[in-house]
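Quick note: the sequence shown uses numbering that gives the first Met the number 0, first residue 0, plus one each step.
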Amino acid sequence: MEKVKQKIKEIFTDKKLYFYGMITLLFFGIYCLMQYAPDTYGVLSSSLRETVMHFLSCGRVVTGIFIYTLVRILKLGETGVYIVSYVLAILCTIISMYKLDKLFQKDIKNKTICVLASIFIIINVFSIELYVYIEKGILMLSVLLCIMAVEEIRKFWEGNKKRIIFSLILMIIANCCYQGTVGLFVAISLLYIIKYSKNIKKFIVNNIIVALTYGIPAIINFIMVRFIFTNSRVSGEIILSESIQKIYQGTKNMLLSTYGLLPKYLFFISIIIVSLWIIYKIIKKREKTKILEILGIGYIILGTIFSTVVPQIMQDTNSIWFVARSSYSAGALIGILLIYANMKFEIEKKSGNIILILSCIFLIIQFVYFINYTVDNYKVNYEDRQIVEQIERRISQYEKETGKTITKIAIYEDKAINYTYQNIKITGDMNLKALYPEWSTLGIIRYYTGRELEQTEKDENIEQNFKDNNWDYYNDNQIILEEETMHLCRF
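Shown next as structure tokens:
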């Protein structure tokens, strides 16, 4: 008991813990105000059963249990659910960086590199989208579980063979939180595969161990999704040639443009610069293992990219969709390469200062982009709400004048529907207006009006009329009220 108390005291008196707390709040503190993604309106406007079943059908069992516990058992409202999820996300982010730092300190002496790498890996360029959804706490919990799984597999390689079981269990839970982040386990484990592989045979065995620790939980989750709960993403048709093409284009976009979350090519150029620097330093060494150490760079990069894209292969062709949240592990590449460099050679003070300066510049740019996207997220939320309130006023006026009640809704679109509003930065699903997808259009109207509208079939004449128009802003002509039905055109 005394050892536990001492350990807790040691953690809470460690200044690094509070430093990581400040960094986390700097990047994600803005999310303390409740914000919405299109999916959020679907969650908040659906019954608890529908919401839980949706998450279960996606294999995200932990999320389903989390929502059920907060709503049914703890009786929390939407604000309470958001606050709990947000606080959990912040704590998981802080703990993930802190634990990663401690893990790396066992292998390298440079404390600055440990800190920078931990930040680059956890708060990487693609991390922002994990904070956009109401289940953000569980999404970041999946990241923390991956870090813990790496800790366990490292202990396994150090001689404690039972630890592989704990690593498997942690990865099963991580998959049941969110499948898009679990590649991080492989990405970081690549460092330790190299470290603990003294020969080719050991290298192959260690790769198999990591592949099984990653693959078995993923297969269990896949079976759960496909055969127990049934999800359309894994039950459709797989057209191999088209899937390969989509994966190639998605990977290219991920590495070169980072989905617009950084200036184009910045992430890719940074990886190239770090890689070339490592190669240069390795060549200057006198060891005979130069070629293997240089090959290690390619092994880490290709292994990380593969672990990122492999979940896409398991989906049907139409469901392959590269976005920031599903590319999370690839975003950790810069940090992982920095650790690899420090494992292979000592970084002198001058080089360390240059790395620190360049890293700060990179993080400042990333921070500015994050803030711009987040502010635009709140703008989209505001615009969505304003339009729905105008729709509600039209309905209320119609009902007052006619004595009829609107109970049905038919949803249309104009000639060229826009993903978001004017002058809004959008990437993937982030900052998509809720009035773009049909399902979230219904969700947001239900959420803000409190009306349980039933979606009904479209009228062909009205549909053609709407198709002849091309609006960029809300207009009362986008609504036609007939009897008990509202015909709504998305623009």
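By construction, the Cβ of each residue, glycine as well, lies at the ideal position given by its N, Cα and C atoms.
For residue i, the residue or residues it bridges with in DSSP
| i | result |
| --- | --- |
| ALA409 | HIS486 |
| GLU481 | THR484 |
| GLN454 | ILE408 |
| THR426 | MET429 |
Helix, strand or coil at residue i according to DSSP, with G and I counted as helix
| i | result |
| --- | --- |
| GLU345 | coil |
| GLN314 | coil |
| THR307 | helix |
| THR23 | helix |
| ALA173 | helix |
| LYS108 | coil |
| ASN159 | coil |
| GLN421 | coil |
| CYS359 | helix |
| ALA217 | helix |
| MET96 | helix |
| GLN389 | helix |
| ILE133 | coil |
| THR212 | helix |
| ILE416 | coil |
| MET139 | helix |
| LYS200 | helix |
| GLU286 | coil |
| GLU236 | coil |
Between the CA atoms of residue j and residue i - distance to the nearest angstrom
| i | j | result |
| --- | --- | --- |
| VAL181 | ILE394 | 46 angstroms |
| ASP413 | LEU24 | 41 angstroms |
| MET96 | ILE7 | 17 angstroms |
| VAL61 | VAL70 | 14 angstroms |
| ILE163 | ILE152 | 6 angstroms |
| GLY41 | TYR213 | 31 angstroms |
| THR555 | GLN104 | Beyond the ends of the chain as shown, which are 0 and 490, falls residue 555; an answer cannot be given. |
| ILE208 | GLY302 | 14 angstroms |
| ILE193 | ILE364 | 32 angstroms |
| GLY179 | ILE172 | 13 angstroms |
| HIS486 | GLU388 | 16 angstroms |
| LEU16 | ILE10 | 7 angstroms |
| ILE122 | LEU90 | 13 angstroms |
| ILE386 | PHE18 | 42 angstroms |
| LEU239 | MET253 | 21 angstroms |
| ASN341 | SER439 | 47 angstroms |
| LEU355 | GLU345 | 15 angstroms |
| ILE479 | THR401 | 14 angstroms |
| GLY449 | GLU462 | 26 angstroms |
| LYS378 | TYR258 | 20 angstroms |
| ILE237 | ILE300 | 27 angstroms |
| TYR327 | PHE125 | 5 angstroms |
| ASN220 | TYR381 | 37 angstroms |
| SER56 | GLU1 | 45 angstroms |
| TRP156 | LEU189 | 13 angstroms |
| LYS343 | GLU292 | 8 angstroms |
Span of the alpha helix (DSSP H) around residue i
| i | result |
| --- | --- |
| ILE319 | It is not in any alpha helix (DSSP H) - ILE319 carries neither H nor E in the DSSP assignment. |
| PRO37 | 37–44 |
| TRP470 | No alpha helix (DSSP H) contains TRP470, which DSSP labels as neither H nor E. |
| ILE122 | Counting along the chain, ILE122 falls outside any alpha helix (DSSP H), and DSSP gives it neither H nor E. |
| PHE228 | Looking at the DSSP string, PHE228 is not in any alpha helix (DSSP H), and its letter there is neither H nor E. |
| TYR224 | Before going on, a small fix: residue 224 reads as Val here, not Tyr. It is not in any alpha helix (DSSP H) - VAL224 carries neither H nor E in the DSSP assignment. |
| ALA331 | No alpha helix (DSSP H) contains ALA331, which DSSP labels as neither H nor E. |
| GLN463 | 459–466 |
| LYS6 | 1–11 |
| ARG445 | 437–448 |
| TYR48 | First, the amino acid is wrong: residue 48 is Arg here, not Tyr. That run of the alpha helix (DSSP H) goes 47–56. |
| VAL61 | 60–67 |
| VAL273 | 265–283 |
| VAL185 | 182–194 |
| LYS240 | First, the residue type needs correcting, since residue 240 is Ser and not Lys in the sequence shown. SER240 -> alpha helix (DSSP H) spans 239–255. |
Inter-residue CB distance, residue i and residue j (contact presumed, cutoff 8 angstroms)
| i | j | result |
| --- | --- | --- |
| THR39 | ILE137 | That belief does not hold up - the Cβ atoms of THR39 and ILE137 are roughly 14 angstroms apart, past 8 angstroms. |
| ARG59 | CYS145 | 15 angstroms between Cβ atoms; not a contact. |
| GLY334 | ILE120 | 4 angstroms |
| LYS135 | TYR85 | 6 angstroms |
| ILE489 | ILE423 | Looking at the sequence itself, residue 489 is Arg, so the reference to Ile does not match. Not confirmed; about 16 angstroms, so no contact. |
| ASP471 | ASN430 | The Cβ separation is near 17 angstroms, so there is no contact. |
| VAL149 | ILE187 | 5 angstroms |
| THR426 | TYR372 | 7 angstroms |
| GLY442 | SER44 | 4 angstroms |
| ILE319 | GLY249 | 7 angstroms |
| ALA36 | VAL131 | 5 angstroms |
| SER242 | THR316 | 5 angstroms |
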